[in-house]
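Asker:
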Amino acid sequence: MTWLPIIIVMVVCIGIAMARVFIGPGAPTRLVAFDTINTLVVASLVILAMMFKQVIFVDVAIVYALLSFAMTLYVAKYIQGDKF
Amino acid sequence: MDTLNIVSYVFIGIGLFFNLVGVIGLHRLPDMYTKLHAATKCTTFGSIFLIIAVIVQAAGAWALEGAYSSQSVMCIRAVLALVALMVTNATGAHAMARAAHRSGEKPARVVVDDLKEKEND
Numbered sequence: 137m138t139w140l141p142i143i144i145v146m147v148v149c150i151g152i153a154m155a156r157v158f159i160g161p162g163a164p165t166r167l168v169a170f171d172t173i174n175t176l177v178v179a180s181l182v183i184l185a186m187m188f189k190q191v192i193f194v195d196v197a198i199v200y201a202l203l204s205f206a207m208t209l210y211v212a213k214y215i216q217g218d219k220f
Numbered sequence: 347m348d349t350l351n352i353v354s355y356v357f358i359g360i361g362l363f364f365n366l367v368g369v370i371g372l373h374r375l376p377d378m379y380t381k382l383h384a385a386t387k388c389t390t391f392g393s394i395f396l397i398i399a400v401i402v403q404a405a406g407a408w409a410l411e412g413a414y415s416s417q418s419v420m421c422i423r424a425v426l427a428l429v430a431l432m433v434t435n436a437t438g439a440h441a442m443a444r445a446a447h448r449s450g451e452k453p454a455r456v457v458v459d460d461l462k463e464k465e466n467d
């Protein structure tokens, strides 16, 4: 299996979503685009683990998924206007 | 191993197609809620299929090399990453939509907002 073209397509997807982070009107749209980037990065890390035959990338992917979930929840609470 | 490669390529094709559709929908749709609809659901579905392709490859190598293969760790941890992705994406999308509605973000061309009358907290 060749995994390099898949990584290239995923990086193109991340670039398109990152353009929406910069030009998006308002904070909620930027948060949605950033969450999309997080999901794509998790999938890319799992593919990179298979490409380089290194298990440590999958561990990084699990921790990245959980920490980006915490980031999403805190930024959502900030947009909502709650006190911390 | 040849059949496993074909299965993995089919899964990768589905996954990349849905990721591209989700990211294009992030640019084409008018307001935040439809962008959330396109991006979160399509990207989660595509990423699930990409990780399943990796799981199929790792499980095939594990079955081929025996019980103490180095691919066994890869297979089990990829399943854990898949579970973490599925749980966190759905919950995060719900939290984002709720926060956007409470912050006063309106959908495009909206006339009636029924949810606003129900929230009395």
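Residue numbers (the working numbering), protein chains in the order written: chain V, 137 to 220; chain W, 347 to 467. Backbone N, C-alpha and C define an ideal beta-carbon position, used for all residues, glycine too.
#1: Between the region 367-387 of chain W and the region 155-164 of chain V, do three or more beta carbon pairs fall short of 8 angstroms?
#2: Between the alpha carbons of L327 of chain W and V145 of chain V, how many angstroms are there, rounded?
#3: Please classify T389 of chain W as buried or exposed, where buried requires at least 16 neighbouring CB atoms within 10 angstroms.
#4: Could you give the C-beta distance for L103 of chain V and I143 of chain V, rounded to a whole number, given that I count them as a contact under 8 angstroms?
#5: Straight-line CA distance for I398 of chain W to A424 of chain W?
#6: Starting from G392 of chain W, trace the alpha helix (DSSP H) in both directions and tell me its first and last residue.
#7: Below 7 angstroms, is the gap between the Cβ of A206 of chain V and the nearest heavy atom of the ligand GDP?
#8: For G361 of chain W, count the other beta carbons within 10 Å of its own beta carbon; 16 or more makes it buried, fewer makes it exposed. Which is it?
#9: What are the residues of the region 403-427 of chain W that lie near chain V, defined by any Cβ-Cβ distance shorter than 8 angstroms?
#10: Inspect the beta-carbon positions of F364 of chain W and G406 of chain W and report whether they are closer than 8 angstroms.
#11: Got a sec? Which residues, its chain only, sit under 7 angstroms from M420 of chain W by beta carbon, not counting five neighbours each side?
Answerer: Based on what the coordinates show:
#1: yes
#2: The question about residue 327 of chain W has no answer, for chain W in this structure spans 347 to 467.
#3: Position 43 of the second sequence, counted from the first residue, corresponds to residue 389 of chain W. Label assigned to T389 of chain W: buried.
#4: In the structure as shown, chain V begins at 137 and stops at 220. Residue 103 of chain V is therefore absent and cannot be evaluated.
#5: One-based indexing of the second sequence puts residue 398 of chain W at position 52. One-based indexing of the second sequence puts residue 424 of chain W at position 78. Computed Cα separation, rounded: 8 angstroms.
#6: Sequence index remark: in the second sequence, residue 392 of chain W carries index 46 (1-based). It spans 378-411 - the alpha helix (DSSP H) in which G392 of chain W sits, taken as one unbroken run.
#7: The ligand GDP is not among the ligands present in this structure, which contains no ligands whatsoever.
#8: Translated into positions along the second sequence, residue 361 of chain W becomes position 15. Burial call: buried.
#9: Q403, A404, S416, V419, M420, R423, A424, L426, A427
#10: Locating residue 364 of chain W in the second sequence gives position 18, counting from the first residue. Locating residue 406 of chain W in the second sequence gives position 60, counting from the first residue. For F364 of chain W and G406 of chain W, no; Cβs fall outside 8 angstroms.
#11: If you number the second sequence from 1, residue 420 of chain W lands on position 74. Answer for M420 of chain W: A404, listed in chain order.
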